[in-house]
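> These protein sequences, in sequence, are chains A and Z.
Numbering of the first sequence is given in this note's numbering, commencing with residue 7 and proceeding in unit increments.
Numbering of the second sequence is given in this note's numbering, commencing with residue 7 and proceeding in unit increments.
Ideal Cβ positions, reconstructed from N, Cα and C, are used throughout, including at glycine.
Owing to the predicted nature of the structure, the values given are computational and were not obtained by experimental measurement.
Questions regarding the structure given below will be posed in turn.
Protein chains: 2
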Amino acid sequence: MLEDEKFALPLHSKTPPEWARRALSDPVALLIDHAFLEKKAANNAMALLTRWPGEWVAGWTETMTSVARDEAAHLAQVIRILNRRGARLARFHKNPYANELRELVRKGVTDEILDRLMITALIEARSCERFGVLAEVTDDEELAKFYRALFASEFGHFKVFLKLAGKIEEKAALDRRWLQLLAAEAEILARQEPGCRMHSGM
Amino acid sequence: MLEDEKFALPLHSKTPPEWARRALSDPVALLIDHAFLEKKAANNAMALLTRWPGEWVAGWTETMTSVARDEAAHLAQVIRILNRRGARLARFHKNPYANELRELVRKGVTDEILDRLMITALIEARSCERFGVLAEVTDDEELAKFYRALFASEFGHFKVFLKLAGKIEEKAALDRRWLQLLAAEAEILARQEPGCRMHSGM
């Protein structure tokens, strides 16, 4: 699936299968981390839903609502899988990768919203890439199926967030900023600690 | 609708039509406040989804997911109505009513989750009651229809949160705490400032 041109991702670094083998050494820990990311993604979509750009953007409300609903549904799926495996969520969760990305958000109404959209798109793109690698590496049928479904869903989210950004800013300026953020994302990811987490380092 | 026995609410105080007439004097301000409450309600359901009670409770994941999706959908509806009226959300929002209620949450795994469920049920019940009064008082057809639909939805939420609480604690202890919280809710609401907000005082 990942090899299909239709699903080409613009990321500046490629996650190797070794990352997935290590992350899958404790699938429950990985699922627990994953659950918090889905919750955060749903909250983020709702936060964007209530913070719209300076001018009217067609599809804003529909996109954010639909993403929030998707992510809440994914969260419920992760929790069902955890329940079936007799596991429960941890009470707290840290996500230094996303926090470092969010520190890149510029000030100013339009710049802020553009950066938030692009960083959300980046996180979706990276999650998408990693679900693809996890789906290929795991020999757990339930997880493989789940990760393949998430790959497709997160790919769709990555595209719609970028599309909304394209309605707010002209192409040249957007491309410039997007390349900066792509480079920053690969650097930030590379310096994460290894571990059984979706956005861990090597 | 409010007079129907099927929709009987246990609240310890009754919102008079004068409250609704005053709140509706600035419908846009009321809708802006309302949007934030829907967002908070969706986030709260997702927070409860990731915090389950000490023992396995059937329907937990399904209830929280379904409430989160409902509230995200309501949030989108409020935003569409605001957009059509040329209005936008404020950037910040305060909700002293809900904050004061949340201060009543006891410590301890089971007590905390029970109180959170019951306080969520209380907020749903009060919102439900107020949507009913607003629907009866407003002469704005769009709002009347919207508030009637929300009345029914929030009534359903109020019931499911209480039902989940009933799966965790035995009836006598639950009833005792529920009566305490009902009394506290009426007191807290009574001391709120008046204004065009869903949980304002008189």
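What is the residue span of the alpha helix (DSSP H) that F161 (chain A) lies within?
E147 to I174
> Taking 8 Å as the CB-CB cut-off, is I174 (chain A) touching chain Z?
For I174 (chain A), the answer is no, since every Cβ of chain Z falls outside 8 Å of its Cβ.
> For chain Z, check one thing: does any of its Cβ atoms lie closer than 8 Å to the Cβ of T56 (chain A)?
yes
> Provide the residue span of the alpha helix (DSSP H) that contains D181 (chain A), from first to last.
K177 to A196
> Are there 16 or more other CB atoms within 10 angstroms of the CB of T116 (chain A), so buried, or fewer, so exposed?
T116 (chain A) is classed as exposed because its beta carbon has fewer than 16 other beta carbons within 10 Å across all chains shown.
> I need the straight-line Cα distance from I23 (chain Z) to K177 (chain Z), nearest angstrom please.
The sequence as given places Pro at residue 23 (chain Z); Ile does not occur at that position. Computed Cα separation, rounded: 34 Å.
> Quick check on P16 (chain A): buried or exposed, where buried means 16 or more other Cβ atoms within 10 Å of its Cβ?
It counts as exposed.
> Chain A beta carbons: is any one of them nearer than 8 Å to that of K100 (chain Z)?
Closer than 8 Å: no.
> Please tell me whether M7 (chain Z) has its Cβ less than 8 Å away from any Cβ of chain A.
Note that M7 (chain Z) scores a pLDDT of 49, beneath 50, so its modelled location is shaky; the value from the coordinates is reported in the next line. M7 (chain Z) is outside the set of residues whose beta carbon lies under 8 Å from a beta carbon in chain A.
> If you run the structure through DSSP and keep just helix, strand and coil, what is H80 (chain A)?
helix
> Identify the continuous alpha helix (DSSP H) that holds I134 (chain Z) and give its terminal residues.
It is worth fixing the name first, because residue 134 (chain Z) is Cys in this sequence and not Ile. Where C134 (chain Z) is concerned, the enclosing alpha helix (DSSP H) stretches over V115 to V143.
> Output the boundary residues of the alpha helix (DSSP H) element that contains F42 (chain Z).
P33 to L55
> Residues of chain Z with CB closer than 7 Å to the CB of L95 (chain A), please, in chain order.
T56
> Do F164 (chain A) and A131 (chain A) have their C-beta atoms within less than 8 Å of each other?
Cβ distance < 8 Å, so F164 (chain A) and A131 (chain A) count as in contact.
> So if I threshold CB-CB distances at 8 Å, which residues from the region 37-50 of chain Z count as touching chain A?
The residues in question are A41, F42, K45, A48 and N49.
> Less than 8 Å between the beta carbons of S19 (chain A) and A196 (chain A), yes or no?
S19 (chain A) places its beta carbon less than 8 Å from that of A196 (chain A).
> What residues of chain Z sit near M52 (chain A), judged by a beta carbon separation below 8 Å?
The answer, in chain order, is K45, A48, N49, A78 and L81.
> With a threshold of 8 Å, are at least 3 pairs of Cβ atoms found where one atom belongs to the region 190-204 of chain Z and the other to the region 21-39 of chain Z?
yes
> Determine the burial state of F181 (chain A): buried for a count of at least 16 other Cβ atoms within 10 Å of its Cβ, exposed for fewer.
Just to set this straight, residue 181 (chain A) is Asp in the shown sequence, not Phe. With fewer than 16 other Cβ atoms within 10 Å, it is exposed.
> Quick one: give me the first and last residue of the alpha helix (DSSP H) that P23 (chain A) is part of.
Segment P23 to A29, the alpha helix (DSSP H) holding P23 (chain A).
> Would you mind sorting N50 (chain A) into buried or exposed? The rule is 16 or more other CB atoms within 10 Å of its CB.
buried
> List, in chain order, every chain A residue whose beta-carbon is nearer than 7 Å to that of I85 (chain Z).
L55 and T67
> Check whether chain A comes within 8 Å of A74 (chain Z), counting only Cβ atoms and requiring the distance to be less than that.
It does: the Cβ of A74 (chain Z) has a partner Cβ on chain A nearer than 8 Å.
> Which residues in the same chain have their Cβ closer than 7 Å to the Cβ of H40 (chain A), if we skip the five residues on either side of it in sequence?
Here the set comprises V84 and M204.
> Against T71 (chain A), what residues of chain Z qualify as contacts under a CB-to-CB distance less than 8 Å, listed in chain order?
Using a Cβ-Cβ cut-off of 8 Å, T71 (chain A) is close to A78, A79, L81 and A82 of chain Z, given in chain order.
> Starting from the Cα of S206 (chain A), find the closest Cα among A:F13, A:W25 and A:E148 and give me that residue.
Closest by alpha carbon: A:W25.
> Kindly indicate the opening and closing residues of the alpha helix (DSSP H) around P102 (chain Z).
DSSP places P102 (chain Z) inside the alpha helix (DSSP H), whose first and last residues are P102 to R108.
> Taking the alpha-carbon of I119 (chain Z) as reference, which of Z:W62, Z:D145, Z:K46 and Z:I194 has the nearest alpha-carbon?
Z:W62
> Measure the beta-carbon distance from E106 (chain A) to C134 (chain A) and round it to whole angstroms, keeping in mind my assumption that it falls under 8 Å.
Actually they do not touch by this definition, with Cβ atoms about 19 Å apart.
> Determine the closest residue to G65 (chain A) out of A:A150, A:E193, A:V166 and A:A179, with distance taken between C-alpha atoms.
Taking each of A:A150, A:E193, A:V166 and A:A179 in turn and checking the Cα distance to G65 (chain A), the smallest one comes out for A:V166.
> Measure the C-alpha to C-alpha separation of M52 (chain A) and M208 (chain Z) and round it to an integer number of angstroms.
M52 (chain A) and M208 (chain Z): Cα-Cα distance of roughly 31 Å.
> Applying the criterion that 16 or more other CB atoms from any shown protein chain within 10 Å of the CB defines a buried residue, is G138 (chain Z) buried or exposed?
buried
> Return the chain-ordered list of same chain residues with a C-beta closer than 7 Å to the C-beta of L37 (chain Z), the five sequence neighbours on each side being excluded.
V84, I87 and L88
> When you measure from the CB of A127 (chain A) to every non-hydrogen atom of the ligand GTP, does any distance come out below 7 Å?
Ligands are entirely absent from the displayed structure, and the ligand GTP is therefore not among its contents.
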